[in-house]
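> Quick one: the structure is below, questions incoming.
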Amino acid sequence: MWKREGKAGSTSGGVEIREERLRSGHLERPLCSASRWFRRLLWQCEMLARSVRASGALLLRGSVQASGRAARRASSGLPRNTVVLFVPQQEAWVVERMGRFHRILEPGLNILIPVLDRIRYVQSLKEIVINVPEQSAVTLDNVTLQIDGVLYLRIMDPYKASYGVEDPEYAVTQLAQTTMRSELGKLSLDKVFRERESLNANIVDAINQAADCWGIRCLRYEIKDIHVPPRVKESMQMQVEAERRKRATVLESEGTRESAINVAEGKKQAQILASEAEKAEQINQAAGEASAVLAKAKAKAEAIRILAAALTQHNGDAAASLTVAEQYVSAFSKLAKDSNTILLPSNPGDVTSMVAQAMGVYGALTKAPVPGAQDSVSSRSSRDVQSTDASLDEELDRVKLS
Numbered sequence: 001m002w003k004r005e006g007k008a009g010s011t012s013g014g015v016e017i018r019e020e021r022l023r024s025g026h027l028e029r030p031l032c033s034a035s036r037w038f039r040r041l042l043w044q045c046e047m048l049a050r051s052v053r054a055s056g057a058l059l060l061r062g063s064v065q066a067s068g069r070a071a072r073r074a075s076s077g078l079p080r081n082t083v084v085l086f087v088p089q090q091e092a093w094v095v096e097r098m099g100r101f102h103r104i105l106e107p108g109l110n111i112l113i114p115v116l117d118r119i120r121y122v123q124s125l126k127e128i129v130i131n132v133p134e135q136s137a138v139t140l141d142n143v144t145l146q147i148d149g150v151l152y153l154r155i156m157d158p159y160k161a162s163y164g165v166e167d168p169e170y171a172v173t174q175l176a177q178t179t180m181r182s183e184l185g186k187l188s189l190d191k192v193f194r195e196r197e198s199l200n201a202n203i204v205d206a207i208n209q210a211a212d213c214w215g216i217r218c219l220r221y222e223i224k225d226i227h228v229p230p231r232v233k234e235s236m237q238m239q240v241e242a243e244r245r246k247r248a249t250v251l252e253s254e255g256t257r258e259s260a261i262n263v264a265e266g267k268k269q270a271q272i273l274a275s276e277a278e279k280a281e282q283i284n285q286a287a288g289e290a291s292a293v294l295a296k297a298k299a300k301a302e303a304i305r306i307l308a309a310a311l312t313q314h315n316g317d318a319a320a321s322l323t324v325a326e327q328y329v330s331a332f333s334k335l336a337k338d339s340n341t342i343l344l345p346s347n348p349g350d351v352t353s354m355v356a357q358a359m360g361v362y363g364a365l366t367k368a369p370v371p372g373a374q375d376s377v378s379s380r381s382s383r384d385v386q387s388t389d390a391s392l393d394e395e396l397d398r399v400k401l402s
């Protein structure tokens, strides 16, 4: 009866049936509570398992990102042992037999024993490029820098790279960061910018010394960016501007110096040329004067020769007397015109005596010397010269006193 009511699905009948079953001592309600509790427990276990799987996946993903290329290849799966294997060029496959290192497969065709042999590591022999993350470093003059770089390396020994270190690329990256910090601590800020090539070489040497046991060789290391604090950048900009102003001042002073030197050199050359021109002028003038004096002397000698020839002719004495008289009158007429101080003979009014004296001197000079009387003539001439000099000295003293 109550089953039909239950099947009919009436609400009032169902309530009455449940109350009747509870009154009769049926244990359906506790059983339903246990099943609900069990289902809830299963649901909690399933959620816990899901969270564990999610956290495991996150941990695996983090380890893959940290370990680099080898971990990514391990997570993606290693080549399986298919007995006949073809190894690509520039790759080395490390094979273990029953968990122990067996050999390294060379590029090309290789045959392995199934089940016993297993490919444990795959190493690439190509040049690998690794970006070194940005990090902070302190220079010798206590300036904090943010610096990053690029690392170029190659696996030289696949055995050491597989069994010498867990993750070669990650280890080399960490080694590059620590080495870069230690090398930057030895240099000041100015030397960091000036000696970037030597800094890269020092980092490469330090990495090769430490990574030799890992079978890895660092080919080169390049610093990409160097970031300095804003205040240091401002001071560097001011220093650059001051250096530019200094160079401009130095160049300007050097230009002024060169200009002054050029001007002085020009003046020097001008003076040298002027003195040489004056010297040449004086030489030419002296040569001209010498030529003029020589010409005058030759002309005078020729005139004297002609005059002497004329005097030897008939009535030459009268002509000479006339010429002397004319010159005397002409000279005496110019005495008052040239200067206030004049020299006068003792008897300036006696022209005939002057002419007679001049003719006497001329006759004495032109008269032929008598043999045996040369010494007396020379003595008389010397006495006449001395007396003439004495008379001239007396006249000069008298003029000075007047």
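Numbering (full-length UniProt numbering), first residue to last: 1 to 402. Positions of the beta carbon are idealized from the N, C-alpha and C atoms, including for glycine.
Compare the C-alpha of Ser124 against each of Gln209, Ile113, Pro107 and name the closest.
On the sequence shown, position 124 is the one that residue 124 refers to. That would be Pro107, whose Cα lies nearest to the Cα of Ser124.
> Measure the Cβ-Cβ separation of Ile119 and Val150 and say whether it is below 8 angstroms.
The residue you call residue 119 lines up with position 119 of the sequence shown. The residue you call residue 150 lines up with position 150 of the sequence shown. It is not a contact, given that the beta carbons lie outside the stated cut-off.
> On the three-pair Cβ rule with 8 angstroms, is the stretch 198 to 216 touching the stretch 164 to 180?
Touching, yes.
> Cα separation between Trp93 and Pro230?
Working through the sequence shown from its first residue, we reach residue 93 at position 93. Working through the sequence shown from its first residue, we reach residue 230 at position 230. Roughly 50 angstroms separates the two Cα atoms.
> What are the partner residues of Glu96, as DSSP defines its beta bridges?
Counting from 1 along the sequence shown, the entry for residue 96 is found at position 96. Phe101, Arg118.
> May I ask which residues mark the beginning and end of the beta strand (DSSP E) holding Pro133?
Locating residue 133 in the sequence shown gives position 133, counting from the first residue. Counting along the chain, the beta strand (DSSP E) containing Pro133 begins and ends at 128 to 138.
> Pull up the distance between the alpha-carbon of Met98 and that of Leu153, whole angstroms please.
Here residue 98 is taken as the residue at index 98 of the sequence shown, counted from 1. Here residue 153 is taken as the residue at index 153 of the sequence shown, counted from 1. Computed Cα separation, rounded: 32 angstroms.
> What first and last residue would you give for the alpha helix (DSSP H) that runs through Glu169?
Stepping through the sequence shown from its first residue, residue 169 is reached at position 169. From DSSP, the alpha helix (DSSP H) with Glu169 extends over 168 to 184.
> Which whole-angstrom value is the C-beta distance of Ile226 and Leu145, which I expect to be below 8 angstroms?
Walking along the sequence shown from the start, residue 226 turns up at place 226. Walking along the sequence shown from the start, residue 145 turns up at place 145. With 8 angstroms as the limit, Ile226 and Leu145 qualify as a contact, their Cβ atoms being about 6 angstroms apart.
> Taking just the CA atoms, how far does Ala242 sit from Ala257?
On the sequence shown, position 257 is the one that residue 257 refers to. On the sequence shown, position 242 is the one that residue 242 refers to. According to the sequence provided, residue 257 is Arg. The question's Ala does not apply to it. Distance between the alpha carbons of Arg257 and Ala242 is about 22 angstroms.
> Would the beta-carbon of Leu199 fall within 8 angstroms of that of Glu183?
As a working note, residue 199 is residue 199 in the sequence shown. As a working note, residue 183 is residue 183 in the sequence shown. Yes; because the gap between Cβ atoms is below 8 angstroms, this pair is in contact.
> Suppose you measure from the CA of Asp375 to the CA of Thr323; what does that come to, to the nearest Å?
Reading the sequence shown from its first residue, position 375 is the one you call residue 375. Reading the sequence shown from its first residue, position 323 is the one you call residue 323. Here the model assigns Asp375 a pLDDT of 47, short of 50, so the residue's position is not dependable and the matter cannot be decided.
> In chain order, which beta strand (DSSP E) runs of at least 3 residues are fully inside the stretch 212 to 276?
Complete beta strand (DSSP E) runs here, min 3: 216 to 227.
> Alpha carbon to alpha carbon, how far is Val263 from Ala270? Give it in angstroms, no decimals.
One-based indexing of the sequence shown puts residue 270 at position 270. One-based indexing of the sequence shown puts residue 263 at position 263. Ala270 and Val263: Cα-Cα distance of roughly 10 angstroms.
> What does Gly149 pair with, by DSSP beta-bridge criteria?
Residue 149 sits at position 149 when you count from the first residue of the sequence shown. Beta-bridge pairing links Gly149 to Val132, Ile223.
> Since Ile111 and Val84 should fall inside the 8 angstroms C-beta cutoff, what is the C-beta to C-beta distance between them, to a whole number of angstroms?
Reading the sequence shown from its first residue, position 111 is the one you call residue 111. Reading the sequence shown from its first residue, position 84 is the one you call residue 84. About 6 angstroms; that satisfies the 8 angstroms criterion.
> Along the beta strand (DSSP E) that carries residue 410, what are the first and last residues, could you check?
This structure cannot speak to residue 410, because the chain is shown only from 1 to 402.
> Output needed for Asn81: all residues of its chain with C-beta closer than 7 angstroms, excluding positions within five of it in sequence on either side, in chain order.
Stepping through the sequence shown from its first residue, residue 81 is reached at position 81. Only Leu112, Pro114, Asp117, Arg118, Ile119 meet the Cβ criterion.
> Hey, Lys126 and Gln90 are a contact pair by Cβ (cut 8 angstroms); roughly how many whole angstroms apart?
By 1-based counting over the sequence shown, the position of residue 126 is 126. By 1-based counting over the sequence shown, the position of residue 90 is 90. Right, their Cβ atoms sit about 5 angstroms apart.
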